[in-house]
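Visitor:
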Amino acid sequence: MRALSPGVNDPSTAREVVAHLGAVLHELFQRQLPPRITDVHGRRVERPSDPDHASYLRVALTPIADSSREHSAVVEALIRTCALLVGEAPDERARSELRAIATHAFEVLDRSVVSQRELERLHPLLSDNLA
Numbered sequence: 002m003r004a005l006s007p008g009v010n011d012p013s014t015a016r017e018v019v020a021h022l023g024a025v026l027h028e029l030f031q032r033q034l035p036p037r038i039t040d041v042h043g044r045r046v047e048r049p050s051d052p053d054h055a056s057y058l059r060v061a062l063t064p065i066a067d068s069s070r071e072h073s074a075v076v077e078a079l080i081r082t083c084a085l086l087v088g089e090a091p092d093e094r095a096r097s098e099l100r101a102i103a104t105h106a107f108e109v110l111d112r113s114v115v116s117q118r119e120l121e122r123l124h125p126l127l128s129d130n131l132a
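Per the numbering used here, the sequence shown starts with residue 2, numbered consecutively.
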């Protein structure tokens with residue numbers, strides 16, 4: 002998020018963050034999420050919510066999509082990362098969330114900053130890889 006702030010404006014770092022988050026999320030997909038209520042050393046531990054894979058995706062990627070409105074390269078990284086993760090997602094809810102995040106990232110691109118040519122280049126990435 003900071004990499005995309007007006008004071009820093011470093012989309013290269015943001016793209017790297019997206020790639021690393023993709024790797025972490027892929028690892029998360031390989032694991033069973035812990036139960037909401039569990040026992041740790043004889044003590045009952047209860048989490049206030051029971052997040053699923055889609056919740057983790059939303060928390061990890063949506064703020065980046067929201068902050069990328071002027072950075073088509075970051076949006077491209079998000080779309081490509083989501084496309085890779087769709088094939089590994091453990092359930093339809095996670096796949097649907099990945100599609101929604103990629104679509105949202107594309108839709109919030111600032112049309113006054115990003116050229117029509119760039120939008121036309123990105124759109125097939127979205128439609129071909131996440132349909």
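Just so it is clear, CB atoms sit at the ideal spot from N, CA and C, and this is done for glycine as well.
Assess, as a yes-or-no matter, whether the segment 50-57 is touched by the segment 21-36 under the definition of 3 or more beta carbon pairs within less than 8 Å.
Guide: In the pairwise beta carbon analysis, the segment 21-36 is classified as touching the segment 50-57: at least three pairs are separated by under 8 Å.
Visitor: I think Glu156 touches Leu58, with their Cβ atoms under 8 Å apart; what is that distance to the nearest whole Å?
Guide: What the structure shows of the chain is the stretch from 2 to 132, and residue 156 is not part of that stretch, so it cannot be assessed.
Visitor: For Val60, write down the residues that DSSP places opposite it in a beta bridge.
Guide: DSSP output for Val60 lists no bridge partner at all.
Visitor: Buried or exposed, going by whether 16 or more other CB atoms sit within 10 Å of the CB of Thr39?
Guide: Burial state of Thr39 is exposed, judged by a 10 Å Cβ sphere holding fewer than 16 other Cβ atoms.
Visitor: Buried or exposed: Arg118, going by 16 or more other Cβ atoms within 10 Å of its Cβ?
Guide: With fewer than 16 Cβ atoms within 10 Å of its Cβ, Arg118 is classed as exposed.
Visitor: Quick one: is Val60 buried, meaning 16 or more other Cβ sit within 10 Å of its Cβ, or exposed?
Guide: exposed
Visitor: What residue from Ala106, Leu131, Pro125, Ala90 has the CA that sits closest to Val19's CA?
Guide: Ala106
Visitor: Using a Cβ-Cβ cutoff of less than 7 Å, which residues in the same chain neighbour Ala74 once the five nearest sequence positions on both sides are dropped?
Guide: Counting only Cβ-Cβ distances below 7 Å, and skipping sequence neighbours, we find Pro12, Arg16.
Visitor: Which partner residues of Thr39 appear in the DSSP bridge assignment?
Guide: Val46
Visitor: With DSSP run on the structure shown, which of helix, strand or coil describes Ala90?
Guide: Residue state for Ala90 is assigned as coil, using DSSP reduced to three classes.
Visitor: One question on the structure: do Arg37 and Arg48 come within less than 8 Å of each other, judged by their Cβ atoms?
Guide: For the 8 Å CB-CB criterion, Arg37 and Arg48 form a contact.
Visitor: If we count the other Cβ atoms within 10 Å of its Cβ and call it buried at 16 or more, is Arg70 buried or exposed?
Guide: buried
Visitor: For Gly23, does the count of other Cβ atoms within 10 angstroms reach 16, so buried, or fall short, so exposed?
Guide: Around the beta carbon of Gly23, 16 or more other beta carbons lie within 10 angstroms, which makes this residue buried.
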